Amino acid sequence: MPRILLVDDDPALRMFVEATLKREGHEVHSLPDADDILEQLDALSPDLLILDLMLPNISGYDVLKNIRKASRFDTVPIVLFSGQDDTASKIKGLDLGAVDYLVKPIPPEELAARVRALIRQKKRQDELMAEYNRLSELSLTDPLTGAYNRRALNTFLRSRLAEATRHNTPFSCVMFDLDHFKEVNDTHGHDTGDLVLREVAALTIALFRQEDALVRYGGEEFLGILQHTSKEGARTFSERLRSEVAGRTFNEDKHPLQITLSAGVSSFPEDGGFEDPREMITLADRRLYVAKGSGRNRVVFEG
700 MPRILLVDDD PALRMFVEAT LKREGHEVHS LPDADDILEQ LDALSPDLLI LDLMLPNISG
760 YDVLKNIRKA SRFDTVPIVL FSGQDDTASK IKGLDLGAVD YLVKPIPPEE LAARVRALIR
820 QKKRQDELMA EYNRLSELSL TDPLTGAYNR RALNTFLRSR LAEATRHNTP FSCVMFDLDH
880 FKEVNDTHGH DTGDLVLREV AALTIALFRQ EDALVRYGGE EFLGILQHTS KEGARTFSER
940 LRSEVAGRTF NEDKHPLQIT LSAGVSSFPE DGGFEDPREM ITLADRRLYV AKGSGRNRVV
1000 FEG
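Just so you know, the sequence shown maps onto residues 700 to 1002 in this note's numbering.
(1) Per DSSP, Ile-924 is paired with what?
(2) Can you have a look at Leu-827 and say buried or exposed, based on whether 16 or more other CB atoms are within 10 angstroms of its CB?
(3) Contact defined as beta carbons within less than 8 Å: I believe Cys-872 pairs with Ala-990. What is the distance between those atoms, to the nearest angstrom?
(4) Here's a check: name, in chain order, each residue in its chain whose Cβ is nearer than 6 Å to the Cβ of His-954, leaving out the five neighbours to either side.
(5) Apart from the five residues just before and just after Gly-918, which ones in its own chain have a Cβ nearer than 6 Å to its Cβ?
(6) Around the Cβ of Leu-906, are there at least 16 other Cβ atoms within 10 angstroms (buried) or fewer (exposed)?
(7) Using the Cα positions of Ser-744 and Arg-713, report the straight-line distance between them to the nearest angstrom.
(8) Identify every residue that forms a DSSP beta bridge with Met-753.
(9) Just tell me which of Leu-913, Gly-992, Val-899 has its CA closest to the CA of Phe-949.
(10) Checking 9 Å against the spacing of the C-beta atoms, do Val-998 and Arg-934 come in under that value?
(11) Under DSSP, the beta strand (DSSP E) around Ala-962 begins and ends at which residues?
(12) I'd like to check one pair, Leu-754 with Asp-732: are the Cβ atoms closer than 9 Å?
(13) Helix, strand or coil for Val-899? Go by DSSP, reduced to three states.
(14) Does the distance from the CB of Met-979 to the CB of Gly-923 come in under 9 Å?
(15) Mind checking His-725: buried by the 16 CB within 10 Å criterion, or exposed?
(16) Is Asp-841 buried or exposed, if buried means 16 or more other CB atoms sit within 10 Å of its CB?
(17) Quick one: any contact between the stretch 961-977 and the stretch 855-871, if contact means 3 or more CB pairs under 8 Å?
(18) What are the residues that DSSP puts in a beta bridge with Gly-917?
(19) Note down, in chain order, each residue of its chain lying with its Cβ closer than 6 Å to the Cβ of Asn-884, except the 5 sequence neighbours on either side.
(20) Could you work out which residue in Phe-1000, Glu-920, Leu-877 is closest to Met-943 when comparing CA atoms only?
(21) Here's the rule: buried if 16 or more other CB atoms are within 10 angstroms of the residue's CB, otherwise exposed. What is Ser-758?
(22) Give the DSSP-derived three-state secondary structure of Leu-793 in the structure shown.
(23) Check for me: the alpha helix (DSSP H) holding Phe-715 runs from which residue to which?
(24) Nearest to Leu-839 by CA position, among Glu-830, Asp-734, Ala-851, Phe-921, is which residue?
(25) Alpha carbon to alpha carbon, how far is Leu-768 from Phe-936?
(26) Determine the direct distance from the alpha carbon of Arg-833 to that of Glu-717, and round the result to whole angstroms.
(27) In this structure, what does DSSP give as the bridge partners for Thr-948?
Here is the structure:
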């Protein structure tokens, strides 16, 4: 049911608009003033705001400007409602961000029709935005594991490192690789290999906090991005992940498998400043290969 917020200081007009729009099947909330309009918008998340131009203590134009300054309300369509029928008033309102300008008095049939049209536009806009967000997420996500892909990495890592540098907060990368993974594919097939990759990714993400992120770097190699995490914290995380993977049986229903992983850790500021986030990846990758060359199933965070 579409939700509409009406702000008008005239009780009779509020009753008229409410009755007209409720007959159309809309959920209508009304206010006599705009004193706490931003809080009401946050609480109600309306599909449409109908705003009187002449309110107590403030003009509808000023309310409109204040709402449009708050970017979180960019997609809320706002209709100005006024007894002023001059062109200049209409142009001013539309230029400030209103999507329509209704003149009082308005026949109920016209009010209902205009609101129907605006609600249809809002619904279509929401559908397009949802589809855009879905496609954006798909373009940045590895379809097999649900982790981020390499395309997302540069922007994602650069912004996280810049934030850590700006606020002098710790930040770590963990590069890890499944040991002898080629043998899994060669012996048990790529379907089994894919299952192992999905389960390892899911296990890793389950250990993450909300601000952390997992990137599938390539093949069986992953990069964990740990925000606000010191080298010691990254080492603890990596050892826990290594232990959980080593202690799990994969592909239990068919050919049970034991898998291990090796990991390399790089951290800011313990490993120095990094002007380019690729330097962090290179260091973590180098330590990963030290771990693999030292017998695998281990974490290297120094050297």
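Heads up, the beta-carbon is just placed ideally off N, CA and C, and yes, glycines get one too. Since we're looking at a predicted model, the values are computed, not measured.
Taking the structure as given:
(1) Cys-872, Ala-912
(2) Answer is exposed; the Cβ neighbour count stays below 16.
(3) Rounded, the Cβ-Cβ distance is 14 Å, inconsistent with contact.
(4) His-887
(5) none
(6) exposed
(7) 19 Å
(8) Ser-758
(9) Ranking Leu-913, Gly-992, Val-899 by Cα distance to Phe-949 puts Val-899 first.
(10) yes
(11) 960-967
(12) yes
(13) helix
(14) no
(15) buried
(16) buried
(17) Between the stretch 961-977 and the stretch 855-871, the count of C-beta pairs closer than 8 Å reaches three or more; the two stretches touch.
(18) Glu-920
(19) Hits under 6 Å: Gly-892.
(20) Going by the sequence as given, residue 943 is Glu instead of Met. Among Phe-1000, Glu-920, Leu-877, the Cα nearest to that of Glu-943 belongs to Leu-877.
(21) exposed
(22) helix
(23) 710-722
(24) Ala-851
(25) Inspection of the sequence shows that residue 768 is occupied by Lys rather than by Leu. Approximately 42 Å between the Cα atoms of the pair.
(26) The alpha-carbon atoms of Glu-717 and Arg-833 are separated by roughly 36 Å.
(27) For Thr-948, the pairing in a beta bridge is given by DSSP as Gln-957.
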